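Have a look at the structure below before the remarks.
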Amino acid sequence: MGKAWHGAPTRRDTRNRNAVVALAIVLFLAISTILVRHREHDSGVLDHHEKLSDALNSIEDETLVNATIGDFGSKARKVAALADLAELHTEQPSLNHTLLASSITEQFPWWNPDTLSYIPWRSRRTFEPWAKGQHQAKTGIVISVGEPLIWEAAHLISSLRNVLRSKLPIQIAYAGDADLSPARREFLSTFGNNLEFIDLTTVFDDSIVGFKGWAMKPFAILASRYPRTILVDADMLFFHAPDKIFEKYQGLKDTGALYFKDRAIYMFLNGRNGWLKDQLDNAGREPSKHLTHDSLFWKMLTSEEADSAMVAVDLSRPRQYLTMLFTAWMNSNETRAFTYKMFYGDKETYWISNELTGTPYAFEPWSAAQLATNTTDDGKETADRHCTSHMAHALPDGSDIFWANGGIWRDKRYKMQGFVSFKDWFLGQRIDESIASINFTAEGSKEKLALTQPIWAGKQQCSQHNQTAWMPLSAYSKKINEKLIGEARLVERAFAALKTKEDAAELISS
1 MGKAWHGAPT RRDTRNRNAV VALAIVLFLA ISTILVRHRE HDSGVLDHHE
51 KLSDALNSIE DETLVNATIG DFGSKARKVA ALADLAELHT EQPSLNHTLL
101 ASSITEQFPW WNPDTLSYIP WRSRRTFEPW AKGQHQAKTG IVISVGEPLI
151 WEAAHLISSL RNVLRSKLPI QIAYAGDADL SPARREFLST FGNNLEFIDL
201 TTVFDDSIVG FKGWAMKPFA ILASRYPRTI LVDADMLFFH APDKIFEKYQ
251 GLKDTGALYF KDRAIYMFLN GRNGWLKDQL DNAGREPSKH LTHDSLFWKM
301 LTSEEADSAM VAVDLSRPRQ YLTMLFTAWM NSNETRAFTY KMFYGDKETY
351 WISNELTGTP YAFEPWSAAQ LATNTTDDGK ETADRHCTSH MAHALPDGSD
401 IFWANGGIWR DKRYKMQGFV SFKDWFLGQR IDESIASINF TAEGSKEKLA
451 LTQPIWAGKQ QCSQHNQTAW MPLSAYSKKI NEKLIGEARL VERAFAALKT
501 KEDAAELISS
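In this text, residue positions in the sequence shown follow full-length UniProt numbering: the first is 1, and each later residue adds one.
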């Protein structure tokens, strides 16, 4: 019998064979990908376990170091080890957080994960019971307010909402009814929407922390429910809304922490520089590029580095979160007895925590600017002097004023002088450019450097220094200044009515 003849393959046969081959290739690639990913997953899990083991060993080693209250460097090594562990827990949410939590509590006994709204390595669904059906803000403002600053806080809230149209939610942090009474909280709530209050004594153990004044500020950051927190003082003046600060400041985007410079004051060094060098040695770290290239403090040319009236930090980064815990520790009751002898309140503790733990941070590139009038204390106009007690800070490009502190009063120590209408401002040369341009071994180098920066002789001065460097306020800032004064008058009337009501109630009760 001859062969059966099937004839030449048809186009359909060819297409079918091509389809089978293509399917086989796809299946082969898919199986190969699955196998590779499986191996990568196994390798990743092993890698995470190795990192976890290393971090735990590091924490155990650092715990053996007995640090005294003044030995911030040794404490920083422990915090850095905890930060490594926290980053692993954030990368691997399935890890059990019990060991991490107990390790943190051992170092910071006032920290309680059960009372905190936000912790970066914790799943959203476990710590946001209020978020059912609601949009949870990533960025928000936190203001630490006590009774003495109720007027200024009302003006700040009113200005943010009514002048600058800021949409950011605001939290007011206080330490119990004695610090901010229910009546005063109700008063503040009338000045803006999307406003809530945090009683820090319900979040942290006050018997350990000892809430008082400046010391409350880093704890207010930690108690916030916002992953990206903007801490501001109650007597702040914003000329531009802070809503986009995390997008507009490149240093903040890169590092997760932004600080602002204090006045360039050439006095009262008080051994601070040498102390920090010793602590860096204890921490096993070299000074950061910021210190070596951008810091007049590190060059021993000024006694101050930071103005903590505003701090912006991304707490969703575990390393920044642990660093803020370190900052809070520096301001806790026992530790601040040492800290506040070395520095003026909380203001240097933020960046020093970053420096000692090796956590990246950014500063604005200028020393604090001067924001001034031409009116002396006796009310006389001066043509050749600028009078000021207000520090100001510029937008990222230096084109205009971002914010200032000291309140809307001409001088907050003497409120009878009334509200201030600013005329000019003086923003010095970038600090890195000033440092790079001067030979510090040459005679007169400090005097040359001083010419590039605003000089602060005291709280209220009428300076004749470098008059050509002063710039008139922009038309926009002048308009905002006028509106800020308008809001101040409204707050003043409301506050007077509150005082009348409180006085009447006190009279009746007596």
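Using N, Cα and C, we set each Cβ at its ideal position, and we do this for glycine too.
Treat the numbers as computed from the prediction; the structure is a model and nothing was measured.
Identify which residue in the options has its Cα closest to the Cα of residue i.
i      : options                        : result
Asp179 : Asp278, Ser158, Glu147         : Glu147
Ala505 : Ala183, Ala309, Leu237, Glu87  : Ala183
Asp233 : Thr335, Gly271, Ala153         : Ala153
Asp199 : Phe187, Trp456, Ser224, Asp243 : Ser224
Arg315 : His390, Met391, Thr229         : Strictly speaking, residue 315 in this sequence is Leu, with Arg absent from that position. Closest option to Leu315, Cα to Cα, is Thr229.
Ile172 : Asn273, Leu188, Val163         : Leu188
Thr452 : Leu301, Arg317, Thr339, Pro360 : Leu301
His293 : Met236, Asp71, Val142, Ala436  : Ala436
Asp114 : Val145, Asp71, Asp205          : Asp205
Val163 : Lys479, Lys244, Ala496         : Lys479
Ser345 : Tyr476, Arg493, Pro218         : The sequence given here has Gly at residue 345, not Ser. Checking every option, the nearest Cα to that of Gly345 belongs to Pro218.
Ser445 : Val313, Ile119, Leu296         : Leu296
Gly432 : Tyr321, Tyr476, Leu449         : It is Asp, not Gly, that sits at residue 432 in the sequence shown. Answer by Cα proximity: Leu449.
Gln288 : Glu348, Ile265, Leu356, Arg272 : According to the sequence as given, residue 288 is Ser; it is not Gln. For Ser288, the nearest C-alpha among the options comes from Leu356.
Asp71  : Phe239, Gly486, Tyr350, Leu280 : Leu280
Gly418 : Gln320, Leu484, His97, Ile455  : Leu484
Pro169 : Ser102, Trp151, His390, Leu231 : Leu231
Val145 : Ser103, Asp235, Ile119, Lys499 : Asp235
Arg263 : Ile455, Ser477, Thr500, Leu498 : Ile455
Ile408 : Ser353, Glu286, Leu371, Lys341 : Leu371
Ile141 : Phe197, Asp177, Asn374         : Phe197
Leu195 : Ala220, Ile208, Ile157         : Ile157
Ser303 : His386, Lys347, Tyr321, Glu286 : Lys347
Name the one or two DSSP bridge partners that residue i has.
i           : result
Ser144      : Ala173
Phe260      : Asp307
Leu156      : None, per the DSSP bridge assignment.
Ile230      : Ile141, Ala312
Ile198      : Ala173
Gln370      : Met391, Phe426
Met471      : Trp425
Trp409      : Phe419
residue 514 : The structure shown does not extend to residue 514, since the chain is modelled only from 1 to 510, so the question has no answer here.
His89       : Answer by DSSP bridge pairing: none, since His89 is not bridged.
Phe363      : Tyr259
Here's the rule: buried if 16 or more other CB atoms are within 10 angstroms of the residue's CB, otherwise exposed. What is residue i?
i      : result
Phe440 : exposed
Ser510 : exposed
Leu64  : Note that Leu64 scores a pLDDT of 41, beneath 50, so its modelled location is shaky; the value from the coordinates is reported in the next line. Per the 10 Å Cβ criterion, exposed.
Asn481 : buried
Pro93  : exposed
Gly406 : buried
Thr359 : buried
Pro472 : exposed
Gly251 : buried
Ala337 : exposed
Val45  : Confidence at Val45 is low in this model, with a pLDDT of 44, below 50, so the placement of that residue should be treated as unreliable; the coordinate-derived value is given next. When all chains shown are included, Val45 counts as exposed.
Arg493 : exposed
Pro129 : In this prediction, Pro129 scores a pLDDT of 41, lower than 50, which makes its location untrustworthy; the coordinate-derived value is nonetheless stated afterwards. So Pro129 counts as exposed.
Gln134 : Note that Gln134 scores a pLDDT of 47, beneath 50, so its modelled location is shaky; the value from the coordinates is reported in the next line. The residue in question, Gln134, is exposed, as its Cβ has fewer than 16 Cβ neighbours within 10 Å.
Thr190 : exposed
Leu507 : exposed
Arg489 : exposed
Thr255 : buried
Thr98  : exposed
Thr202 : exposed
Lys415 : exposed
Glu443 : exposed
Phe487 : At residue 487 the sequence reads Glu, which differs from the Phe that was named. Its Cβ being crowded by 16 or more others within 10 Å, Glu487 is buried.
Could you check how far apart the C-beta atoms of residue i and residue j are, in whole angstroms? I think they sit under 8 Å.
i      : j      : result
Leu222 : Met324 : 6 Å
Ala86  : Trp121 : 6 Å
Lys138 : Tyr226 : 7 Å
Arg165 : Ala241 : 7 Å
Lys261 : Ala306 : 7 Å
Ala469 : Phe426 : 5 Å
Ala283 : Arg77  : 6 Å
Leu237 : Ala404 : 5 Å
Pro318 : Ala83  : 6 Å
Ala312 : Phe402 : Contact doesn't hold; Cβ gap of about 11 Å is too wide.
Phe343 : Arg272 : 7 Å
Ala257 : Asn374 : Actually they are not in contact, since the Cβ atoms of Ala257 and Asn374 sit about 37 Å apart, beyond 8 Å.
His390 : Asp424 : Not quite, the Cβ-Cβ distance comes to about 12 Å (not below 8 Å), so this is no contact.
- Cβ contact check for the region 101-113 and the region 324-336: 3 or more pairs under 8 Å: yes
Is the region 183-194 touching the region 210-223 in the sense that three or more CB pairs, one from each, lie closer than 8 Å? no
Below 8 Å, how does it come out for the region 359-366 and the region 383-403: are there three or more Cβ pairs, yes or no?
As far as the Cβ criterion goes, the region 359-366 touches the region 383-403, which means the pair count is three or higher.
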